[in-house]
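Data block below; observations after.
Chains as they are written, first to last, in the working numbering: chain A, 21 to 350; chain B, 5 to 347.
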């Protein structure tokens, strides 16, 4: 979809978000100053390694953070400020405003209840409709995501992983939310099924103008369903830009390393072991000085270990990196 | 043979291997048999990286377990430098088990959460009674697996390690026994993208250092492309295509291989996937003829032409159509013959 297709305005606006977890008496930031804007109908990919804060960011949008978390900054969804909102307001927001597709669809269902009934319950819980209305809505949703409505009477164990993920997506769509957040929606799935789910997400967006945030460490899935990608490292966005542009010519050394980790079949340059990234991401309580990525960065130079780079605009791209800034200055 | 020399790596020979599982339904008495591996033959050269690829349920993991001697084949032969696990007992079987090691997908599932890293690696060393100083063997294996200095990890527990480090411990425990074959079943699919490269690099490096033959089982053709010398594509218990990775993955002959390649995502490239329609493969209900025929796009489009009756009724055999490149498909085999006949 082109940039102009989405209507003007802002659906979600995150400003200077910080999420701190209390660990052994000290407060460690899992999300450390994130700004993000999402327009209605837009699809954004949030990429990064485990522990970079991408899932915490999603949970913060839904007001689902655990008790030991402190949230600072602002998350505005439509007219609602999510941070500090009352429980009742948050309940209304979840599902009807923002819904979520979780990783590992196997664990999200009650094994002793029929799949269709579980979807009906979700609808009844959030919308003021009769049981029979909810039933016909469920059947509509099943058809929408490519499941024969007759299978509604089956139990979760009778569904394959891909089918269960489809039910999860049907549930997320139950109340017609303007925003769906999908956390690793295809990670545990086979290639063929993964392709089916990605096709489904792309098709749903075309049909209903839903905004989508896809959280994943697998950059190869993002090109299929998103327009924009934000790459996170150690709780911050380090690079952001249009998906094809960013994945084909990544500029931040971290994004380059992530892209390089995916070999491309048929590309002679991909024969041989994919370039990895030595070391582990830093613990939130021990953020390195300067640029948090500098201890692992193959291109680190003089200012990197002392001066923390800020996220700056370079043409169509945002990057927080001294190297990119230097390249731009030339 | 001495460890570390090229002669240490073993050759594999699999002939007409069949693995069946009996099953019974929970209610009613209609039991049956699943042919998980159904007449598979291939050879792997010593020191080669051989990749077995396919969707879930294609039998790739069962094949791997048969190579380890963990499931007893219904028929056929396995020979790993002349030894068939199904025919071994006692001390011989123990030697075999030492020589053929495995790395599974989930390192957390492979490690005992209450066992320290040292114990995890030393356990196998003790069971197999390896000569030499145990501490030295464990330290060397950990260092080789990239956990340096090894002493720092001796008393760590799995929960204290990152996903990549855990997989390194599993690999250390395997190579401590100086195996001649390493079977890696989706060794990186649970790991973060940035760590995958390192673990794969480690496996390939150790293959040469220790002198091992590497059998890589995966559903990800991108990794097969990166690492494998040769690739076997499996569908419902049979190998449908087999050949050098360069050939199979860039000039695929079988329609199934083509479909798998079409859905393999590429970073930075958007495309609507041509996803196979029809029921996903079910080893309980194996279709007659070519078992791929209900989903075959070539058959569906009518391109199969005069071969169609054979697709529906005759099981295609794996034939060498191009030197070193074999395919089990009536249409691909026939078109090849036609092109070679052309003046």
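For glycine and all other residues, C-beta sits at the position ideal for the given N, C-alpha and C.
Less than 7 Å divides the Cβ of residue 89 of chain B from the Cβ of residue 73 of chain B.
Taking a contact as a CB-CB distance under 8 Å, the pair residue 68 of chain A and residue 344 of chain A does not count as one, their CB atoms being some 18 Å apart. Closer than 7 Å to the CB of residue 237 of chain A there is at least one CB belonging to chain B.
The beta carbon of residue 121 of chain A is closer than 6 Å to those of 188, 189, 192, 202, 205 in its chain, skipping five residues each way along the sequence.
Contact of residue 201 of chain B with chain A is assigned, a C-beta pair being separated by under 7 Å.
For residue 197 of chain B, the closest Cβ of chain A is nearer than 7 Å. Pairing residue 155 of chain A with residue 245 of chain A, the inter-Cα distance amounts to about 30 Å. Contact residues of the stretch 248 to 282 of chain A toward chain B are 264, 267, 268, 277, 278, 279, 281, 282 (C-beta to C-beta distance below 7 Å).
Chain A places a beta carbon closer than 7 Å to that of residue 205 of chain B, counting this residue as a contact. DSSP places residue 194 of chain B outside both helix and strand once states are collapsed to three, so it counts as coil. When 7 Å is used as the limit between beta carbons, residue 339 of chain A is near no residue of chain B, the shortest such separation being about 17 Å.
Contact residues of the stretch 193 to 206 of chain A toward chain B are absent (C-beta to C-beta distance below 8 Å). Residue 238 of chain B sits in a strand when the DSSP states are folded into three classes. Close to residue 272 of chain B, with beta-carbon spacing below 7 Å, are these residues of chain A in chain order: 243, 264, 267, 268. DSSP, read as helix, strand or coil, puts residue 54 of chain B in strand. Close CB contacts of residue 328 of chain B within its chain, under the 8 Å cut and outside five residues either way in sequence, are with 247, 248, 251 (chain order).
Contact between the stretch 239 to 246 of chain B and the stretch 53 to 70 of chain B is present, with at least three C-beta pairs closer than 8 Å.
Residue 95 of chain A carries a strand assignment under DSSP once its states are collapsed to helix, strand and coil.
Looking at the DSSP output, residue 329 of chain B sits in a beta bridge with B/326.
Between residue 239 of chain A and residue 278 of chain A, the gap from beta carbon to beta carbon is short of 7 Å. For residue 79 of chain B, the enclosing beta strand (DSSP E) covers residues 79 to 84. Taking each of B/114, B/158, B/93 in turn and checking the Cα distance to residue 121 of chain B, the smallest one comes out for B/158. Not one beta carbon of chain A lies nearer than 7 Å to the beta carbon of residue 213 of chain B. Within the stretch 151 to 180 of chain A, contact with chain B at the beta-carbon level (separation under 8 Å) is assigned to 180. Taking 7 Å as the Cβ-Cβ cut-off, the stretch 287 to 301 of chain A approaches chain B at 290, 291, 292, 293, 294, 295, 296, 297, 298, 300, given in chain order. Contact between the stretch 108 to 126 of chain B and the stretch 171 to 178 of chain B is established, with three or more Cβ pairs separated by less than 8 Å. In this structure, DSSP gives residue 211 of chain A a helical state, which the three-state scheme calls helix. For residue 147 of chain B, there are no neighbours in chain A by C-beta distance under 8 Å, as the nearest C-beta there is about 16 Å away. At the C-beta level, residue 172 of chain A and residue 136 of chain A come within 7 Å of one another. The beta carbon of residue 143 of chain A is closer than 8 Å to those of 149, 154, 157, 158, 194, 195 in its chain, skipping five residues each way along the sequence. The alpha-carbon of residue 156 of chain B is positioned some 43 Å away from that of residue 218 of chain A. For residue 325 of chain A, the three-state secondary structure derived from DSSP is helix. For residue 285 of chain A, the neighbours in chain B by C-beta distance under 7 Å run, in chain order, 225, 226, 229, 253, 265, 268.
The criterion of a C-beta distance shorter than 7 Å is satisfied by residue 320 of chain B and residue 334 of chain B.
Around the beta carbon of residue 26 of chain B, a 10 Å sphere encloses fewer than 16 other beta carbons of the protein chains shown; the residue is thus reported as exposed.
In terms of Cα proximity to residue 185 of chain B, the closest of B/219, B/20, B/41 is B/219.
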